[in-house]
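Protein chains: 2
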Amino acid sequence: MSNERVIYLPLGGAGEIGMNAYVYGYGKPGKEKLILVDLGVTFPDMDGSPGVDLILPDISWLEKRKGDLEAIFVTHAHEDHVGAVAHHYDRLGAPVYARAFTANIARRKMAEHGHPEKAVRTVSPWPETVTAGPFTVGFAPISHSIPESSGLVIDTPKGRLVHTGDFKIDTAPGVGEPFDHAMWEEIAKDGVLALMCDSTNVFSRHEGRSESTVGPEIEKLVASAKGMVAATTFASNVARVKTLAEAGVRAGRSVCLMGRAMRRMVDAAEETGVLKGFPQTVSPEDAKNVPRENLMLIVTGSQGERRAASAQLANGKYQGITLKEGDTFLFSSKTIPGNERGVIRIINQFSEMGVDVVDDDSGLYHVSGHANRPDLEAMHEIIRPQIVVPMHGEHRHLREHVKICKPKPMKAVLAVNGTMIDLSANTPTVLEYVETGRTYLDGSVQVGAMDGIVRDRIRMALNGHVSVNVILDEDDEPLGEPWCEVKGLAEIGISNAPLVDVLEEDLSQYLGRAGNKVRANDDKLEEELRRVTRQSANAEIGKKPEVTVIISRMS
Amino acid sequence: MSNERVIYLPLGGAGEIGMNAYVYGYGKPGKEKLILVDLGVTFPDMDGSPGVDLILPDISWLEKRKGDLEAIFVTHAHEDHVGAVAHHYDRLGAPVYARAFTANIARRKMAEHGHPEKAVRTVSPWPETVTAGPFTVGFAPISHSIPESSGLVIDTPKGRLVHTGDFKIDTAPGVGEPFDHAMWEEIAKDGVLALMCDSTNVFSRHEGRSESTVGPEIEKLVASAKGMVAATTFASNVARVKTLAEAGVRAGRSVCLMGRAMRRMVDAAEETGVLKGFPQTVSPEDAKNVPRENLMLIVTGSQGERRAASAQLANGKYQGITLKEGDTFLFSSKTIPGNERGVIRIINQFSEMGVDVVDDDSGLYHVSGHANRPDLEAMHEIIRPQIVVPMHGEHRHLREHVKICKPKPMKAVLAVNGTMIDLSANTPTVLEYVETGRTYLDGSVQVGAMDGIVRDRIRMALNGHVSVNVILDEDDEPLGEPWCEVKGLAEIGISNAPLVDVLEEDLSQYLGRAGNKVRANDDKLEEELRRVTRQSANAEIGKKPEVTVIISRMS
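Residue numbers (the numbering used here), protein chains in the order written: chain A, 1 to 555; chain B, 556 to 1110.
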């Protein structure tokens, strides 16, 4: 019995913001029964993952241990916590537990992938619990920027763990349960072995602001607007969507939701009873007939996503509606680092249309859903765990979170993705480093981030591409001239002749002087033709392109 | 005589931050003598211009009128004002006027391109002037974040123009001339026809802070640091570099400059006499032998540039120096929107090394070089022009700048790149819209932004690439099987066979059923092979790749 241990192993989310996936285990070394908390995605970008549709955590380690996996628990319905549940369902096959709203969203994903919706099981909030092997897990309501977020209370034979999920301390969150100090104190009162704690806002030194503070400001803004008002926020921030809608109605405006995610989230929240009294809305079709000063749009695309409603409105028209001079567009949101260019593009497009854009610069129209530093410290105080394990954050966030624990009685551990920690040892110990990483959903298939596929795409984007075609006869003599086709390269270089002509000439000369031995050897010849092509292009246009060589042999 | 007019035509910088290039003209319509103010660059990114080295303004319009171009005036030595001078020298051939420090930088660029350094002429500051056709131009010192920045006083037969260049109102800039209210009032006292005015910080509502405010904070930080200190800022911000160096020396540290730009800027400033009393530095070679608590590095790479000193230090080592646990890295800079990912990457790398990173979040260690809204309004007050033309800003900045002029007696005009304005009409009038745009420096050649070259690269990055090779005999019958090579695509798709095998099989089947008429027609056959390849790939891996088809005919 003394041999059993409690392990913690982040597969995603620790060392990055997004793609959360945390394994807990209990049992004899190597034979632990496992549960997974969250299974999220992160989003690709042109810099590092062009053409990729979605980034999923690499769950190879867990797949090998799938026989030990008892269940998956999802803390809330943000994509970086629930987004990979359906994509990875086949490989893990474990039941998924979540509260009603989160389960509703998860089931929609399962259905889209043709997986059984009943694999997702709805759980009632704490003090009810679910038993999964040696674990007893409860969903304790916690405030965040989406309904029914929960911290997990995970009881093991060696003590209680608390996994906060994403959270803030908000006693007036608008929609959903306020932060309940008394409940959390009750949960902690008999001692907590370890607190796994959200870290994303550890660098924000001021106390967090309540969702309830933005309502009056938004109302003032909408009431004073002259033309049409369009506002964007994360669709999943149902409380905010409601605040925006209510501001519209109070200003005598008809409210129209635009963008699929917006409708889907409101529907899910109404279906599961977390959203009540949402103002009546008009369809985009009907909105067209509403005078602009009486209309309020609530639209998707707060991050400047190219296909979302905000971007399409900025491009000129969406579902028959066009903004114009004197209208107002409100970003009731913050721009996530990396999305600045897309958001700024939209703001400038609106500026060209004469639309007044109001963003979060003033801090009036948005509050974060995460606990700032003082709130993290408050949570430490409430839970008073023996160990704090900072999670959900880049390395800098985790490290800072460890630092602020230094003066306190508890031990803090920095564990990035792949670090397996023994939480039940006297001092939390690193047991091993497990290989983790990212899996790309690319079109309809999953590929490894390190497979070289995306690396090749980036290289083509940076260097352009040349296809080289050479045909040789049975004596390895060239049949005709080499043929080149270029893509993504200047047509004319410094010698003022077409680049393809220069390449073909240089390749032809090379073939003329290449020995029989090289010409007889496909690999060697390919290598040499590639070298000559790159060298020739470099001399002509100053770039060394990617080269595909096709050698055909007639016999 | 009454027929003559004063024109203003931005070719870059109006509707964007960066790539400044402003044409002024005086004369009869279509026959105006011209001057160009600034000729800068902007920087490429993976999203919009992968593989591009530098983005230059498209000067086609000006090149057609080069016979009328009297001179180029460069306000200051930032890349977005001087960076294209050498690249476009051949096409314009006009003399370049600048003050000593700016001229020093411009000459280095000319030399690198093999152009005559004497094409760059050094000008003394206002009240001295240069005559260029009908224009008399003076360089009036103005404070900014680089030495010897100047606003231009441009006298025409129809009145005085003031072109601020980039500026702030700083009466204690550290290095270089303080903002001189009296001088500017004197310049304006007989009336100014039009003020062309920096707009980049129009959304910053608080008064600007002086460069002199950061010194004491930086000193405190460096004095309290335990290990090595490394700090980064724009190398061209010579005042800041000096402040950093002095903070190092006062804390008893040897100072080492790292990164070529850092050394080059300090050298240029010393050569031209704008920088005096810069502390003695040690070479990177000698720095290796200095105890880390006695060393201060000042390094390039404040924007996270991959090859700069900061990125290399974050990767582990630069010129023999390695940061480690307990060292401090200071960003005495702001992250330009769009560069967040690169900067955050570096911060996290340092975090992994245990290095404490201090950034500008606190606002203590950096001030902007541009005039905030109250300072813009102060400048309007000082100059009291008939017309204000906001320049250097995205559309949203220019529009906001126009807005803040509304309550004032002067007329404000929103003129984006390509808008030719008659400044001498009773009301400033748009004369015509000139085609403008961007030219890419790509390797060693210049290509048009709209040539499709970069578009093809982006497509390959998003969709991957397939080379298809088909050989036909004299009867248009396939000789052997079609051959495919793929790049940037998953190797195996849903049918669990190699993608190339599936593509080749589908192409082979297509060729089998294609009629003679199609097989005999290169264009038609190519189109069909491309279609089949994309369709087959889409069914197999859910992506429609870019396709290069090479058809060889044996005869």
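Think of the CB as a built atom: it goes at the ideal place given N, C-alpha and C, for glycine as much as any other residue.
Quick caveat: nothing in here was measured; it's all calculated off a predicted structure.
- prompt: With a cut-off of 8 Å, do at least 3 Cβ pairs link the region 721 to 729 of chain B to the region 683 to 696 of chain B?
  reply: no
- prompt: From A:Pro116, A:Leu152, A:Leu161, pick the residue whose C-alpha is nearest to that of Trp126 of chain A; which is it?
  reply: Within the first sequence, residue 126 of chain A is the residue found at index 126, counting from 1. For the residues A:Pro116, A:Leu152, A:Leu161, the minimum Cα distance to Trp126 of chain A belongs to A:Leu152.
message: Please tell me whether Pro605 of chain B and Ile891 of chain B are closer than 8 Å, where the distance is taken between their beta carbons.
response: The residue labelled residue 605 of chain B in the question sits at position 50 within the second sequence. The residue labelled residue 891 of chain B in the question sits at position 336 within the second sequence. Not in contact: Pro605 of chain B and Ile891 of chain B (Cβ atoms no closer than 8 Å).
8 Å Cβ cut-off: residues of chain A touching Phe758 of chain B: Translated into positions along the second sequence, residue 758 of chain B becomes position 203. Near Phe758 of chain B (Cβ distances below 8 Å), the residues of chain A are Asp361.
Cβ pair Ala842 of chain B, Cys811 of chain B closer than 8 Å: Sequence index remark: in the second sequence, residue 842 of chain B carries index 287 (1-based). Sequence index remark: in the second sequence, residue 811 of chain B carries index 256 (1-based). Yes. Within cutoff.
- request: Please work out which residues of its chain come closer than 6 Å, Cβ to Cβ, to Ser508 of chain A, disregarding the five sequence neighbours upstream and downstream, and give them in chain order.
  value: Against the first sequence, residue 508 of chain A aligns to sequence position 508. Result list for Ser508 of chain A: Glu481, Pro482, in chain order.
- prompt: DSSP on Pro216 of chain A, reduced to helix/strand/coil?
  reply: As a working note, residue 216 of chain A is residue 216 in the first sequence. In the structure shown, Pro216 of chain A sits in a helix (DSSP, three-state: H, G or I).
task: Just tell me which of B:Leu1058, B:Ile1106, B:Lys1099 has its CA closest to the CA of Asp1077 of chain B.
output: Mapped onto the second sequence, residue 1077 of chain B falls at position 522. Of the candidates B:Leu1058, B:Ile1106, B:Lys1099, the one whose C-alpha sits nearest the C-alpha of Asp1077 of chain B is B:Ile1106.
- prompt: Can you name the start and end residues of the beta strand (DSSP E) that Phe101 of chain A belongs to?
  reply: One-based indexing of the first sequence puts residue 101 of chain A at position 101. Element bounds for Phe101 of chain A: not the beta strand (DSSP E) but the alpha helix (DSSP H), 100 to 112.
task: Can you grab the Cα-Cα spacing for the pair Gln874 of chain B / Ser865 of chain B, in whole Å?
output: Counting from one through the second sequence, the residue named residue 874 of chain B turns up at place 319. Counting from one through the second sequence, the residue named residue 865 of chain B turns up at place 310. When rounded, the distance between both Cα atoms is 12 Å.
task: Please check if any C-beta of chain B sits within less than 8 Å of the C-beta of Thr548 of chain A.
output: Looking up residue 548 of chain A in the first sequence gives position 548. Output row for Thr548 of chain A: interface = yes.
query: Residues of chain B with a CB under 7 Å from the CB of Gly493 of chain A: which are they?
result: Position 493 of the first sequence holds residue 493 of chain A. Correct list: Val1000.
field: Check whether Ser368 of chain A and Asn201 of chain A have beta carbons under 8 Å apart
entry: Here residue 368 of chain A is taken as the residue at index 368 of the first sequence, counted from 1. Here residue 201 of chain A is taken as the residue at index 201 of the first sequence, counted from 1. Their beta carbons are under 8 Å apart, which means Ser368 of chain A touches Asn201 of chain A by this criterion.
Positions along the region 940 to 966 of chain B whose CB lies within less than 7 Å of some CB in chain A: Glu949, His950, Arg951, Arg954
query: When you compare each of A:Val486, A:Asp473, A:Asp375 to Ala520 of chain A by their alpha carbons, which one comes out closest?
result: Within the first sequence, numbered from 1, the residue matching residue 520 of chain A stands at position 520. Closest option to Ala520 of chain A, Cα to Cα, is A:Asp473.
- prompt: In chain order, which continuous runs of the beta strand (DSSP E) of length 3 or greater are located wholly inside the region 842 to 910 of chain B?
  reply: 850 to 854, 883 to 886
message: I'd like to know whether the C-beta of Pro605 of chain B is nearer than 8 Å to at least one C-beta of chain A.
response: The residue you call residue 605 of chain B lines up with position 50 of the second sequence. It does: the Cβ of Pro605 of chain B has a partner Cβ on chain A nearer than 8 Å.
Chain B contact for Met110 of chain A (CB, 8 Å cutoff): Mapped onto the first sequence, residue 110 of chain A falls at position 110. No, because no Cβ of chain B sits closer than 8 Å to the Cβ of Met110 of chain A.
- request: Starting from the Cα of Ile35 of chain A, find the closest Cα among A:Phe43, A:Val41, A:Val23 and give me that residue.
  value: Numbered from 1 along the first sequence, position 35 holds the residue referred to as residue 35 of chain A. Cα-wise, what sits closest to Ile35 of chain A is A:Val23.
query: Going along the region 453 to 465 of chain A in order, which residues come within less than 9 Å of chain B, judged by CB to CB distance?
result: Ile453, Val454, Arg455, Asp456, Arg457, Ile458, Arg459, Met460, Ala461, Leu462, Asn463, Gly464, His465
- prompt: For Tyr988 of chain B, which beta-bridge partners are listed by DSSP?
  reply: Walking along the second sequence from the start, residue 988 of chain B turns up at place 433. B:Thr974, per the DSSP bridge assignment.
message: Looking at chain A, is there any beta carbon in it that lies within less than 8 Å of the beta carbon of Ala1045 of chain B?
response: Sequence index remark: in the second sequence, residue 1045 of chain B carries index 490 (1-based). Closer than 8 Å: yes.
- prompt: Ordered along the chain, which non-local residues of its own chain (more than five positions away) have a Cβ less than 6 Å from that of Pro57 of chain A?
  reply: Along the first sequence, one-based indexing puts residue 57 of chain A at 57. Same-chain partners within the cutoff: Leu11, Gly12, Met19, Ala21.
message: Please classify Lys543 of chain A as buried or exposed, where buried requires at least 16 other C-beta atoms within 10 Å of its C-beta.
response: Taking the first residue of the first sequence as 1, we reach residue 543 of chain A at position 543. Looking at its Cβ environment, which holds 16 or more other Cβ atoms inside 10 Å, Lys543 of chain A is buried.
CB contact below 8 Å: Pro1118 of chain B versus chain A: Because chain B in this structure spans residues 556 to 1110, residue 1118 of chain B falls outside the shown range and cannot be described.
query: Exposed or buried, which one is Ala94 of chain A when buried takes at least 16 other CB atoms within 10 Å?
result: For this step, residue 94 of chain A is matched to residue 94 along the first sequence. So Ala94 of chain A ends up on the buried side.
query: For the region 214 to 235 of chain A, which residues have a CB atom closer than 9 Å to at least one CB atom of chain B, in sequence order?
result: none
message: Does chain B have any CB closer than 8 Å to the CB of Val417 of chain A?
response: Start at 1 with the first residue of the first sequence, and residue 417 of chain A comes out as number 417. Here residue 417 of chain A is Asn; the residue named in the question, Val, does not match the sequence. Asn417 of chain A does not count as touching chain B.
Counterpart residues of Ser1110 of chain B in DSSP-defined beta bridges: As a first step, residue 1110 of chain B is located in the second sequence; it is residue number 555 there, counting from the start. Its beta-bridge partners do not exist; DSSP assigns none.
message: Please list, in chain order, the chain B residues whose beta carbon lies closer than 9 Å to that of Val357 of chain A.
response: Taking the first sequence and counting its residues from 1, one reaches residue 357 of chain A at position 357. Residues of chain B passing the Cβ test: Arg951.
query: In whole angstroms, what is the alpha-carbon distance linking Gly669 of chain B and Gly515 of chain A?
result: Against the second sequence, residue 669 of chain B aligns to sequence position 114. Against the first sequence, residue 515 of chain A aligns to sequence position 515. About 40 Å.
Segment limits, alpha helix (DSSP H) that includes Gly512 of chain A: For the purposes of this step, residue 512 of chain A is taken as residue 512 along the first sequence, with counting starting at 1. Note, Gly512 of chain A: alpha helix (DSSP H), 499 to 513.
task: Compare the C-beta of Asn1071 of chain B with all C-beta atoms of chain A and state if any pair is closer than 8 Å.
output: As a working note, residue 1071 of chain B is residue 516 in the second sequence. It does not; no Cβ of chain A falls within 8 Å.
message: Taking the alpha-carbon of Ile742 of chain B as reference, which of B:Phe598, B:Ile709, B:Thr768 has the nearest alpha-carbon?
response: Residue 742 of chain B sits at position 187 when you count from the first residue of the second sequence. It is B:Ile709 whose Cα lies nearest to the Cα of Ile742 of chain B.
message: Buried or exposed for Thr439 of chain A, going by 16 or more other Cβ atoms inside 10 Å?
response: Numbered from 1 along the first sequence, position 439 holds the residue referred to as residue 439 of chain A. By the 10 Å Cβ count, Thr439 of chain A comes out buried.
query: In angstroms, rounded to a whole number, what distance separates the CA positions of Asp1061 of chain B and Leu986 of chain B?
result: The count along the second sequence starts at 1 and reaches residue 1061 of chain B at position 506. The count along the second sequence starts at 1 and reaches residue 986 of chain B at position 431. Going from the Cα of Asp1061 of chain B to the Cα of Leu986 of chain B covers about 58 Å.
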